[in-house]
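Report on one structure; see the data block that follows.
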Amino acid sequence: MPVRLLKPLWRRSYAGCNRRAGAMLPRRVVKPVLTHWIFKRIHEGGGLMKHRQYCVLSLLAIGACGLGAVSAQAEPPLVSEVWARPSMGAGRPGVAYLTIRGRGEGDRVVSFSTPVASSAELHRTTMEHGIMHMDQVSGLDIPASGTVRLAPGGNHIMLMGLKQGLKVGDHFPLTLTFQHAGEQTVDAVVATGGNGAHDQHAKDHH
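Its first residue numbered 15, the sequence shown is counted upward by one per residue in my numbering.
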């Protein structure tokens, strides 16, 4: 195919890839490198390119654009400020809190787990007629580029059937399973502070 015909095709292919990918490698990096490589192959072949060769090179160019989009979408949510209250001993429930910031697309936490407890449940705090209610919920939605906080007086993680007492300064692993991002294990520290309502909630579960 003559060079004068291939170049407009290349420009349209690159522009379409740019629109589809959304987030991609910088134009100043991808375009000069691939353009130089493709046209070098054309000139080496005497100015013409077979149909099969053109298809392969076009797919390579589109694939390079897609790599940027995949890497941007694969970035998992950021989990921080992970802490738990001290417990009264083994066998008693505990309470944990954290902050999750969405990055890229939205996601959903479908479960929590930790080796220091038999199970970890997400509980929602609501007020009805001036009375606080705490109920277990199945998951936690994380909006894209949004922040969700589990904090004293609000939603929280109940650590059911603790296998050991939690003392101030202790650390333990807490695993979050996301619907899209998969598992992410973070370090939780035992500390004091916040609303005492969840301390009473933990006692009520005993």
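Virtual Cβ for every residue (Gly too), placed ideally from N, Cα, C.
1. Whose C-alpha, out of GLY175, GLY168, LEU112, is nearest the C-alpha of HIS147?
2. Give me, in chain order, the residues of the same chain whose beta-carbon lies closer than 7 Å to that of ALA205; leave out the 5 immediate sequence neighbours on both sides.
3. Taking 6 Å as the cut-off, is the CB of GLY196 close to at least one heavy atom of the ligand NAD?
4. Whole-angstrom Cβ separation of ARG122 and LEU92, contact assumed at under 8 Å?
5. In terms of DSSP beta bridges, what is LEU112 paired with?
6. Counting only the same chain and skipping the five closest in sequence on each side, list residues whose C-beta sits under 8 Å from that of MET174.
7. Bridge partners of MET141, per DSSP?
8. Any idea if ILE145 is buried or exposed, counting beta-carbon neighbours within 10 angstroms, 16 or more meaning buried?
9. With GLY196 and ALA158 assumed to form a contact (beta carbons below 8 Å), what rounded beta-carbon distance in angstroms separates them?
10. Just grab the DSSP bridge partners of GLY196 for me.
11. So ALA104 and GLN178 are supposed to be a Cβ contact under 8 Å. How far apart are they, rounded?
12. Please report how far the alpha carbon of TYR111 lies from the alpha carbon of LEU164, in whole angstroms.
13. Roughly how many whole angstroms lie between the Cα atoms of MET102 and ARG138?
14. Taking C-alpha atoms, which residue in GLY118, THR191, PRO129 lies nearest to SER152?
15. Counting along the chain, where does the beta strand (DSSP E) carrying ASP155 start and finish?
16. Between which two residues does the beta strand (DSSP E) carrying ASP121 extend?
17. If you run the structure through DSSP and keep just helix, strand and coil, what is GLY175?
18. Hey, how far is the Cα of PHE186 from the Cα of VAL203?
19. Please report the distance separating the alpha-carbon of THR189 from that of GLY207.
20. Under 7 Å between the Cβ atoms of GLN198 and PRO90?
Quick look at the numbers:
1. Proximity to HIS147 across GLY175, GLY168, LEU112 peaks at GLY168, based on C-alpha coordinates.
2. The beta carbon of ALA205 sits closer than 7 Å to the beta carbons of TRP97, VAL182 from its chain, once the five residues preceding and following it are set aside; these are given in chain order.
3. Among the ligands in the structure shown, none appear at all, so the ligand NAD cannot be discussed.
4. Taking a contact as a CB-CB distance under 8 Å, the pair ARG122 and LEU92 does not count as one, their CB atoms being some 15 Å apart.
5. LEU164.
6. PRO107, ALA131, SER132, SER133, ALA134, GLU135, HIS219, listed in sequence order.
7. Note: MET141 sits in a beta bridge opposite MET146.
8. ILE145 counts as exposed, since fewer than 16 other C-beta atoms from the protein chains shown sit within 10 angstroms of its C-beta.
9. Contact flag wrong, Cβ pair sits at about 17 Å.
10. Paired residues: PHE192.
11. Right, their Cβ atoms sit about 5 Å apart.
12. If I take the Cα positions, the gap works out to 5 Å.
13. Distance from the CA atom of MET102 to the CA atom of ARG138, rounded to whole angstroms, is 23 Å.
14. When each option's Cα is compared against that of SER152, the closest is THR191.
15. 154–156 is the extent of the beta strand (DSSP E) around ASP155.
16. Note, ASP121: beta strand (DSSP E), 121–127.
17. In this structure, GLY175 counts as strand in the three-state DSSP scheme.
18. Their Cα atoms are separated by approximately 7 Å.
19. Here the alpha carbon of THR189 sits roughly 23 Å from the alpha carbon of GLY207.
20. Yes; because the gap between Cβ atoms is below 7 Å, this pair is in contact.
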